[in-house]
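Student: Residue numbers (the working numbering): 177 to 584.
Beta carbons: idealized from backbone N, C-alpha and C, even for Gly.
Remember, predicted model here, so these are calculated numbers, not experimental data.
(1) Evaluate residue 479 with the Cβ neighbour count: other Cβ atoms within 10 Å of its Cβ, from every protein chain shown; 16 or more gives buried, anything less gives exposed.
(2) Under the three-state reduction of DSSP, which class applies to residue 203: helix, strand or coil?
(3) CA-CA distance, residue 333 and residue 312?
(4) Between residue 368 and residue 389, which are expected to be in contact by the criterion C-beta below 8 Å, what is the C-beta distance as a whole number of angstroms?
(5) Put residue 332 into one of helix, strand or coil per three-state DSSP.
(6) Give the single residue among 232, 225, 235, 249 whose Cα lies nearest to the Cα of residue 243.
(7) Please say whether residue 530 and residue 512 have beta carbons closer to each other than 8 Å?
(8) Can the beta-carbon of residue 401 be found closer than 8 Å to that of residue 485?
(9) Roughly how many angstroms lie between the CA atoms of residue 219 and residue 322, to the nearest whole one?
(10) Are the CB atoms of residue 577 and residue 406 within a distance shorter than 8 Å?
(11) Please name the residue or residues paired with residue 396 in a DSSP beta bridge.
(12) In this structure, how does DSSP classify residue 228 when only helix, strand and coil are distinguished?
(13) Going by DSSP in three states, residue 297 sits in which element: helix, strand or coil?
(14) Can you list the beta strand (DSSP E) stretches of 3 or more residues lying completely in the segment 363 to 417, in chain order?
(15) Are the segment 280 to 287 and the segment 340 to 350 touching by the rule of at least three beta carbon pairs closer than 8 Å?
(16) Can you give me the Cβ contacts of residue 521 inside the same chain, cut-off strictly under 7 Å, excluding the 5 residues immediately before and after it?
(17) If I measure Cβ to Cβ from residue 469 and keep anything under 6 Å in the same chain, skipping five residues before and after, which residues do I get?
(18) Give every residue of the same chain whose Cβ lies closer than 6 Å to the Cβ of residue 252, excluding the five residues on either side of it in the sequence, and list them in chain order.
(19) Tell me the rounded alpha-carbon separation between residue 183 and residue 466.
(20) With respect to the alpha helix (DSSP H) encompassing residue 259, which residues constitute its N-terminal and C-terminal limits?
(21) Measure the alpha-carbon distance for residue 545 versus residue 536 and round it to whole angstroms.
(22) Helix, strand or coil for residue 223, going by three-state DSSP, please let me know.
(23) Going by DSSP, which residues form a beta bridge with residue 178?
(24) For residue 417 versus residue 566, is the C-beta distance shorter than 8 Å?
(25) I'd like the span of the beta strand (DSSP E) that includes residue 239, first residue to last.
(26) What's the C-alpha gap between residue 350 and residue 292?
(27) Roughly how many angstroms separate the alpha carbons of residue 542 and residue 426, rounded to a whole number?
(28) Less than 8 Å between the C-beta atoms of residue 189 and residue 214, yes or no?
(29) Kindly indicate the opening and closing residues of the alpha helix (DSSP H) around residue 527.
(30) From the DSSP output, which residues share a beta bridge with residue 514?
(31) Evaluate residue 423 with the Cβ neighbour count: other Cβ atoms within 10 Å of its Cβ, from every protein chain shown; 16 or more gives buried, anything less gives exposed.
(32) Less than 6 Å between C-beta atoms, sequence neighbours within five positions excluded: which residues of the same chain meet that for residue 229?
(33) Given this structure, state the Cα-to-Cα distance separating residue 363 from residue 216, to the nearest angstrom.
(34) Verify the contact flag: residue 581, CB atom, against every heavy atom of the ligand GDP, threshold strictly below 7 Å.
(35) Mind listing, in chain order, the continuous beta strand (DSSP E) runs of no fewer than 3 residues lying wholly within the segment 438 to 517?
(36) Excluding the 5 residues flanking residue 432 on each side, which residues of the same chain have their C-beta closer than 7 Å to its C-beta?
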C-alpha cells in the first residue's frame with residue numbers, strides 16, 4: 177500500500193514536532209506492511225517551482241518548492257505547485273494520502289487526491305484550521321473568539337495584511353474557511369492527537385462530522401525509568417524541546433530565582449535563535465540561577481530527562497499533544513505543566529497542572545515541590561507504568577486507511 181504522508185516541511189530543512197511525528201509514523205507504518213513516502217513543502221522558493229527527490233533516514237522524500245508568487249496567505253491557491261502535486265501522486269503510484277499539514281503546499285490537496293480515487297485522511301496537528309496565525313495567540317487588544325465566528329480574527333490579521341480593507345480580509349477569511357471545510361468533507365477520516373485538540377477544532381470550526389483521537393505516543397523506545405538522585409544532591413529542574421520563548425523558558429528561569437545552590441536548572445534542545453539562549457544565560461547570571469544549556473539532542477543521545485528530578489513545561493501555546501511531557505514521565509520524571517491545550521491530559525498522573533499562567537503560580541508550585549521531596553516522590557510513584565507509542569498510532573491509522581478504503 178503506497179502511502180504518502182504529506183507535511184509542510186521535513187528534515188534536513190526543518191525538524192519540528194509535526195515533522196518528528198511524521199518521520200516516526202512513516203517508519204512505524206513500514207512495520208504494518210505499508211510502503212510510505214513523504215511529500216513535503218519547503219520555506220524556500222524556486223522560479224517556476226521545483227521538485228527535489230531525496231532520502232532521509234531511509235525514508236523516500238519528495239520536496240515541492242513553490243514559485244515565489246505562491247506566498248503564504250489567506251488564499252492558498254497555488255496554480256503552479258498544485259498540478260505538480262497531482263502529477264507526483266500519479267507518478268509515485270500513491271494509493272493512500274495521509275495529510276498532516278497544508279500551509280506550504282496549498283489548500284486543495286485532499287480533494288486532488290480524492291479526485292484520483294485515492295484513500296484519503298487528515299491528522300490535525302494544531303489549530304491552524306481555525307487560525308491563520310497558527311497558535312491562537314492574538315495581537316494586543318484582540319481576544320480569540322470562543323466559537324467558530326471568526327469576525328474578531330479580522331482585527332488580528334489586518335496589521336499583517338495592510339493592503340487589504342477590513343471587508344477584504346473578512347471575505348478572504350470566509351473563503352479560507354470554505355476551502356478547508358471542503359477538504360474535511362473530502363477526507364475518508366480526520367484525526368487529532370488529543371481530546372483537547374479534537375474539542376478545540378470542533379469548537380472553532382464549522383466541522384460537525386466525526387473526528388477520531390489518535391495519540392502520537394512515544395516516538396522512540398525509552399530505557400528503564402531513571403532512579404531518583406540522593407537527598408543530599410541539589411534538585412535538578414529543567415525543560416527540553418525547541419528553545420523558543422513560546423514554550424515558557426523565561427518563566428521557568430524567573431520562577432526558580434531565589435533557590436540558590438539547592439537547585440540546578442537545565443535547558444536542552446535545538447535553539448533556532450542563538451541570541452535567545454544568550455539572553456537566557458545572561459539573565460540567569462543576573463538573578464543568581466545556575467543554568468546549564470546542554471544543546472540539541474537526538475534519539476541516539478542520552479535523553480535530557482534522565483538528568484532531571486523535575487521537568488517543567490509552562491507553554492504559552494495551545495499545545496496539541498505534548499510529546500515532551502510523555503518523554504519526561506516515561507523516563508520516570510514528574511512534571512509541572514501549564515493548563516493550555518493537551519498538556520493536562522498528558523500530565524494527569526505524575527504531574528502538577530498550573531490552573532493559571534504567569535510566573536507567580538509557577539513559583540508557588542515549584543517552591544512546594546522543591547521544599548518537600550516527599551511530595552516529589554509521591555508524584556513520581558503516580559507516574560503510569562506504560563505509555564502509548566507511535567507503533568500504536570500506526571496500527572490505528574492502518575485500520576483507518578482500510579475503513580476509509582472500504583467506504584470510498
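Tutor: To lay it out plainly:
(1) For this step, residue 479 is matched to residue 303 along the chain shown. It counts as buried.
(2) On the chain shown, position 27 is the one that residue 203 refers to. Note: residue 203 maps to helix in three-state DSSP.
(3) Within the chain shown, numbered from 1, the residue matching residue 333 stands at position 157. Within the chain shown, numbered from 1, the residue matching residue 312 stands at position 136. One C-alpha to the other measures close to 11 Å.
(4) Within the chain shown, residue 368 is the residue found at index 192, counting from 1. Within the chain shown, residue 389 is the residue found at index 213, counting from 1. Correct: roughly 6 Å between the Cβ atoms.
(5) Taking the first residue of the chain shown as position 1, residue 332 is located at position 156. DSSP places residue 332 in helix when its eight states are reduced to three.
(6) Sequence index remark: in the chain shown, residue 243 carries index 67 (1-based). When only C-alpha atoms are compared, the closest one is 225.
(7) Taking the first residue of the chain shown as position 1, residue 512 is located at position 336. Taking the first residue of the chain shown as position 1, residue 530 is located at position 354. A contact, by the Cβ cut-off of 8 Å.
(8) Taking the first residue of the chain shown as 1, we reach residue 401 at position 225. Taking the first residue of the chain shown as 1, we reach residue 485 at position 309. No, the Cβ-Cβ distance between residue 401 and residue 485 is not below 8 Å.
(9) In the chain shown, residue 219 corresponds to position 43, counting from 1. In the chain shown, residue 322 corresponds to position 146, counting from 1. In a straight line, the C-alpha of residue 219 is about 31 Å away from that of residue 322.
(10) As a first step, residue 406 must be located in the chain shown, where it is residue number 230. As a first step, residue 577 must be located in the chain shown, where it is residue number 401. Going by C-beta atoms, residue 406 is not nearer than 8 Å to residue 577.
(11) Numbered from its first residue, the chain shown carries residue 396 at position 220. Residue 396 pairs with nothing; no bridge assigned.
(12) Numbered from 1 along the chain shown, position 52 holds the residue referred to as residue 228. It is a strand residue.
(13) Position 121 of the chain shown holds residue 297. Correct three-state label for residue 297: strand.
(14) Counting only runs of 3 or more, we get 366 to 368, 411 to 416.
(15) no
(16) Position 345 of the chain shown, counted from the start, is the residue given in the question as residue 521. So the list reads 370, 371, 372, once near-sequence residues are dropped.
(17) Here residue 469 refers to the residue found at position 293 of the chain shown. Contacts found: 443, 453.
(18) Within the chain shown, the letter at position 76 stands for residue 252. Cβ within range, chain order: 282, 283.
(19) The count along the chain shown starts at 1 and reaches residue 183 at position 7. The count along the chain shown starts at 1 and reaches residue 466 at position 290. Taking the straight line joining both Cα atoms gives about 39 Å.
(20) Counting from 1 along the chain shown, the entry for residue 259 is found at position 83. 257 to 268 is the span of the alpha helix (DSSP H), which, as asked, contains residue 259.
(21) Within the chain shown, the letter at position 369 stands for residue 545. Within the chain shown, the letter at position 360 stands for residue 536. Their backbone Cα atoms lie some 15 Å apart in a straight line.
(22) Taking the first residue of the chain shown as position 1, residue 223 is located at position 47. Here residue 223 sits in coil by DSSP.
(23) Position 2 of the chain shown, counted from the first residue, corresponds to residue 178. Its beta-bridge partners are 211.
(24) Position 241 of the chain shown, counting from 1, holds the residue named residue 417. Position 390 of the chain shown, counting from 1, holds the residue named residue 566. Taking 8 Å as the Cβ cut-off, residue 417 and residue 566 do not qualify as a contacting pair.
(25) For this step, residue 239 is matched to residue 63 along the chain shown. Its beta strand (DSSP E) spans residues 235 to 241.
(26) What you label residue 350 is simply residue 174 of the chain shown in a count that begins at 1. What you label residue 292 is simply residue 116 of the chain shown in a count that begins at 1. Using only the alpha carbons, I get a separation of about 27 Å.
(27) For the purposes of this step, residue 542 is taken as the residue at position 366 of the chain shown. For the purposes of this step, residue 426 is taken as the residue at position 250 of the chain shown. Between residue 542 and residue 426, the C-alpha separation is close to 15 Å.
(28) One-based indexing of the chain shown puts residue 189 at position 13. One-based indexing of the chain shown puts residue 214 at position 38. The answer is no: Cβ separation not under 8 Å.
(29) Taking the first residue of the chain shown as 1, we reach residue 527 at position 351. Premise fails: residue 527 lies in the beta strand (DSSP E), 527 to 530, not in any alpha helix (DSSP H).
(30) The count along the chain shown starts at 1 and reaches residue 514 at position 338. Answer is 530, bridged to residue 514.
(31) For the purposes of this step, residue 423 is taken as residue 247 along the chain shown, with counting starting at 1. Its Cβ being crowded by 16 or more others within 10 Å, residue 423 is buried.
(32) Residue mapping note: residue 229 aligns to position 53 of the chain shown, counting from 1. Excluding its 5 nearest sequence neighbours in each direction, residue 229 has C-beta neighbours in its own chain below 6 Å: 238, listed in chain order.
(33) Here residue 363 corresponds to residue number 187 of the chain shown, with the count starting at 1. Here residue 216 corresponds to residue number 40 of the chain shown, with the count starting at 1. When rounded, the distance between both Cα atoms is 19 Å.
(34) As far as ligands go, the structure on display features none, and thus does not contain the ligand GDP.
(35) 439 to 444, 467 to 469, 486 to 489, 511 to 514
(36) For this step, residue 432 is matched to residue 256 along the chain shown. The answer, listed in chain order, is 413, 439, 441, 465, 542.
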